Amino acid sequence: MLIVASIDLERETSYRDIMSEAQSKPHAGPSRLAEKTDDYSNPEEENLEGDDGEVSDFIKLYVDSDSEDGDPDATPETHGKRKYTKRTWEFVEGQDLTDAKVGIPDASKFFMVRQDTEDSGRIDVIQYKHIANFDWNDKVAVDNLNKNRRQIKHRTRGRIAPPRLPWTQKEKYIFKHEIIKGLQHGYTRTHMPWDQIANNLNVTLKDVKQKAGSALAKPSTWDSDTAREVYHTSKIFKLMADRVGSSRSATACKVQARKFGDINELLANSDLPASKRRSLDEMLLYLDAGVVAAADVGGEGSNHKGKGVEMTESTPSESSDGQPVAKKAKRKQSLT
Numbered sequence: 161m162l163i164v165a166s167i168d169l170e171r172e173t174s175y176r177d178i179m180s181e182a183q184s185k186p187h188a189g190p191s192r193l194a195e196k197t198d199d200y201s202n203p204e205e206e207n208l209e210g211d212d213g214e215v216s217d218f219i220k221l222y223v224d225s226d227s228e229d230g231d232p233d234a235t236p237e238t239h240g241k242r243k244y245t246k247r248t249w250e251f252v253e254g255q256d257l258t259d260a261k262v263g264i265p266d267a268s269k270f271f272m273v274r275q276d277t278e279d280s281g282r283i284d285v286i287q288y289k290h291i292a293n294f295d296w297n298d299k300v301a302v303d304n305l306n307k308n309r310r311q312i313k314h315r316t317r318g319r320i321a322p323p324r325l326p327w328t329q330k331e332k333y334i335f336k337h338e339i340i341k342g343l344q345h346g347y348t349r350t351h352m353p354w355d356q357i358a359n360n361l362n363v364t365l366k367d368v369k370q371k372a373g374s375a376l377a378k379p380s381t382w383d384s385d386t387a388r389e390v391y392h393t394s395k396i397f398k399l400m401a402d403r404v405g406s407s408r409s410a411t412a413c414k415v416q417a418r419k420f421g422d423i424n425e426l427l428a429n430s431d432l433p434a435s436k437r438r439s440l441d442e443m444l445l446y447l448d449a450g451v452v453a454a455a456d457v458g459g460e461g462s463n464h465k466g467k468g469v470e471m472t473e474s475t476p477s478e479s480s481d482g483q484p485v486a487k488k489a490k491r492k493q494s495l496t
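Residue numbers (this note's numbering): 161 to 496.
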């Protein structure tokens with residue numbers, strides 16, 4: 161009996177030593193027993209990952225096809241170390257692709273059905289991950305569902321909204337003068353009537369044709385140390401094709417005002433306390449001189465040949481004593 165007991169004790173001690181040693185070693189990877197395998201997972205593309213690298217909360221549920229993955233019509237591409245087949249998807253007709261609404265349960269929003277445009281027999285059904293205990297009265301949960309639905313729609317349809325057209329030099333010129341009018345009426349950046357400015361800009365350029373080759377307005381910043389406008393690039397950008405009219409929103413105008421150094425500096429001055437604020441006429445002279453200086457440098461304000469972006473609307477004329485006053489008078493006359 162003593163012999164048997166000693167053997168059992170020895171076995172128990174050895175087992176404890178083995179377990180202690182195993183726990184002290186770092187795990188090389190997840191245990192096979194700990195891996196969760198869904199019956200509906202698709203080995204071809206489990207996570208719907210877009211070009212931006214963000215993984216959607218929708219997962220592959222079912223794929224049906226009469227064709228093989230080696231279909232010669234499909235385009236094989238490399239993703240990491242494995243190859244996959246790039247397909248062009250479209251949504252199957254008859255499904256509601258609008259956003260889900262808070263407080264209105266609709267289980268169809270959990271699923272999205274697509275088909276291959278080149279192989280109509282290939283059907284792709286994808287499902288939202290977080291169906292269990294989904295609270296339709298929780299705004300955060302519904303917003304997250306809609307966010308992921310829009311993500312799938314964007315990846316399927318591509319860009320839906322038309323790209324924003326770059327601003328032309330003529331647009332900037334009119335835009336700047338509309339802001340000056342607002343400042344003359346006592347508005348500041350904080351209270352600027354952007355709706356009215358956008359409307360005036362669009363009305364002024366209505367049916368106006370800007371020909372191909374017209375100069376585009378380059379983004380810039382204002383360097384307070386050198387008192388001049390600094391452009392982000394020395395390249396000259398021009399319209400590639402004719403453009404008629406303008407269609408800028410109030411938000412677009414408000415955002416774009418910060419991307420033009422002279423306009424941004426003009427608006428920044430309007431928000432200063434009265435004791436530190438420069439007069440409008442003083443600011444216009446200050447900014448005009450800085451814009452001309454940037455063009456004369458021949459670096460960031462122009463290309464290497466000295467042919468900068470057209471600045472005629474901002475270039476002041478000088479009087480006999482060298483003061484830029486003629487352009488100031490012309491500007492005041494045009495604003496009345």
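Quick reminder that beta carbons are idealized off the backbone N, C-alpha and C, glycines included. Since the structure is predicted, the reported quantities are computational estimates derived from the model, not experimental observations.
Span of the beta strand (DSSP E), counted from its first residue to its last, around residue i
i: Y391; result: 388–391
i: W249; result: 249–251
i: Y288; result: 283–288
Residue i: first and last residue of the uninterrupted alpha helix (DSSP H) it sits in
i: Q119; result: Since the displayed the chain opens at 161 and closes at 496, residue 119 lies outside it and no answer follows.
i: I423; result: 421–430
i: Q255; result: Looking at the DSSP string, Q255 is not in any alpha helix (DSSP H), and its letter there is neither H nor E.
i: T328; result: Element bounds for T328: n/a, residue is neither H nor E.
i: A417; result: Per DSSP, A417 belongs to no alpha helix (DSSP H) and is neither H nor E.
Under the three-state DSSP convention, the category residue i falls into
i: V262; result: coil
i: T348; result: coil
i: R438; result: coil
i: D217; result: strand
i: R315; result: helix
i: K398; result: strand
i: R310; result: helix
i: N304; result: helix
i: H337; result: helix
Buried/exposed call for residue i, threshold 16 Cβ in 10 Å
i: G421; result: buried
i: S494; result: With a pLDDT of 38 at S494, under the threshold of 50, the predicted position of this residue should be treated as unreliable, though the coordinate-derived value follows. With fewer than 16 Cβ atoms within 10 Å of its Cβ, S494 is classed as exposed.
i: I423; result: buried
i: E253; result: exposed
i: Q416; result: buried
i: A280; result: Residue identity differs from the one stated: residue 280 is Ser in this sequence, not Ala. The residue is exposed, with fewer than 16 neighbouring Cβ atoms inside 10 Å.
i: A377; result: buried
i: G373; result: exposed
i: G505; result: There is no way to answer for residue 505, as the model of the chain reaches only from 161 to 496.
i: E278; result: exposed
Should the region 290–304 be called in touch with the region 256–271, which here means at least 3 C-beta pairs below 8 Å?
yes
Jot down the residue ranges of each uninterrupted beta strand (DSSP E) in the region 354–387, minimum 3 residues, whole runs only, in chain order.
380–383
Three Cβ pairs or more, each shorter than 8 Å: is that satisfied between the region 360–374 and the region 405–416?
yes
Do the region 345–358 and the region 386–405 meet, that is, are 3 or more Cβ pairs less than 8 Å apart?
no
Contact between the region 310–319 and the region 332–346 is defined here as three or more beta-carbon pairs at a separation below 8 Å; is this criterion met?
Output reads no: the region 332–346 does not touch the region 310–319.
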